[in-house]
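Residues 81 to 413 in my numbering are what the sequence shown lists, from first letter to last.
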Amino acid sequence: MKKLLFVFNPHAGKGMIRTNLCDIIDIFTKHGYEVTAYPTQAPLDGYKKIVDEAAFYDLVVTSGGDGTLSEAVKGLMHYKQKIPLGYIPAGSTNDFAASMSLSRKMKDAALEIMQGVFFDYDVGDFNGNKFVYVAAFGAFTDVSYQTPQWSKNMLGHAAYLFECVRRLPKITGYKVRVEHDGEVIEGEFVYGMVSNTISVGGMKKLIADGVCFDDGLFEITLIKMPKNPIELSNALTEAAFDIFNEKCIVTFKTSKVTFTSDDEIAWTLDGESGGAFKKVEIKNIKQAVRFLVKPDSKTAEQDALLGRTKNTVEEKPALTWDTLFEDQLDIDD
């Protein structure tokens, strides 16, 4: 039989994996896999397990929040050969799952992996450290890992929003020099993001159109520091509603970008602390990790994911606060 390593965070999603574990393993077994199930015991435990043992398996599947997924990708990056990876989301925001149109129902997600197709996804290199879909600094970037676990368990995704509102009066800017493709941008920015996703913090309209997950390019978003709180509120609102005002927001695509500052700036990688640096060099490692994803999604995101293009431009539906944040049913790890 083929061998499958299933690494999961037993505490993610209020421990929802516990009520679905038998069904998930049954699905894997029915599709011809001998399954080894491993519940992680501490941060980086899943990473270490994959680094040590993934070579002995035909497929690795992980379940948890975006942090758990990030550990799995970092672990697989230690191997020259591409060991396929499946992901069963179990978090409150699940940005990666939203971008890839993965099911939030665990059993459905497991079945999608078994019926899926290969897709080679770009991975980021951040001063030698790896990240899956976003590296960011500035306003709210540490909310995901500084929001208390009890708050996330009680309020879910809303816990992050409440924490963001609480921090609004304390937001400051960062003086940064940004270099890419022979161009230099200097200024004071309240937020900076290097991403390969269409969903950040549950907001699916923050990133400009044209995201392609395997093109070797990142989308860069820089929000300039406003002159007063009113301008700050307007800038953040415009960004959230996919309105890119060139006076306060800078966007571009690149495969390599360098950030330099006089003072150390704290960064977040895939929602986890990435450390503080005066200089950061970020590179795109094109098509570095191989995912198993569902082949039959009818969403525009999945069409792009599978390399299908359309000859017509579809009109965007009207955007409201109800559509800005996708429904969040589970709790992150």
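Cβ atoms here follow ideal geometry from the backbone N, Cα and C, with glycine treated the same way.
Cβ neighbour criterion (16 or more within 10 Å) applied to residue i
i	result
Asp106	exposed
Asp343	exposed
Ile310	exposed
Tyr159	exposed
Gly204	buried
Cys328	buried
Thr252	exposed
Ala135	exposed
Pro299	Note that residue 299 is Glu in the sequence shown here, rather than Pro. The residue in question, Glu299, is buried, as its Cβ has 16 or more Cβ neighbours within 10 Å.
Lys129	buried
Val197	exposed
Ala356	exposed
Simplified DSSP state of residue i, which is helix, strand or coil
i	result
Met305	coil
Ala92	helix
Asp295	coil
Thr99	helix
Asp106	helix
Ile329	strand
Whole-Å CB distance - residue i paired with residue j, under 8 Å assumed
i	j	result
Phe88	Ile97	5 Å
Phe199	Val337	Between Val337 and Phe199 the Cβ distance is about 24 Å, and since that is not below 8 Å, they are no contact.
Ile168	Ser150	With a Cβ gap of about 15 Å, Ile168 and Ser150 do not count as contacting.
Pro90	Pro123	Not confirmed; about 13 Å, so no contact.
Met194	Ile104	In fact, because the Cβ distance is near 10 Å, the residues do not count as touching under 8 Å.
Val153	Lys210	7 Å
Ala215	Leu349	5 Å
Leu175	Asp146	Inspection of the sequence shows that residue 175 is occupied by Asp rather than by Leu. About 6 Å; that satisfies the 8 Å criterion.
Ser183	Tyr254	Actually they do not touch by this definition, with Cβ atoms about 38 Å apart.
Gly351	Leu302	That pair is no contact at about 20 Å.
Ile278	Val330	19 Å between Cβ atoms; not a contact.
Bridge partner(s) assigned by DSSP for residue i
i	result
Asp343	DSSP lists no partner for Asp343.
Val258	Ile265, Phe339
Ser275	Val214, Glu299
Lys355	Here residue 355 is Gly; the residue named in the question, Lys, does not match the sequence. Answer is Trp347.
Asn209	Phe206
Lys366	DSSP lists no partner for Lys366.
Lys82	Tyr113
Thr252	BP columns for Thr252 are empty, so no partner.
Legend entry - alpha helix (DSSP H) runs wholly inside the segment 109-192, at least 4 long, in chain order: 125-133, 146-156, 175-180
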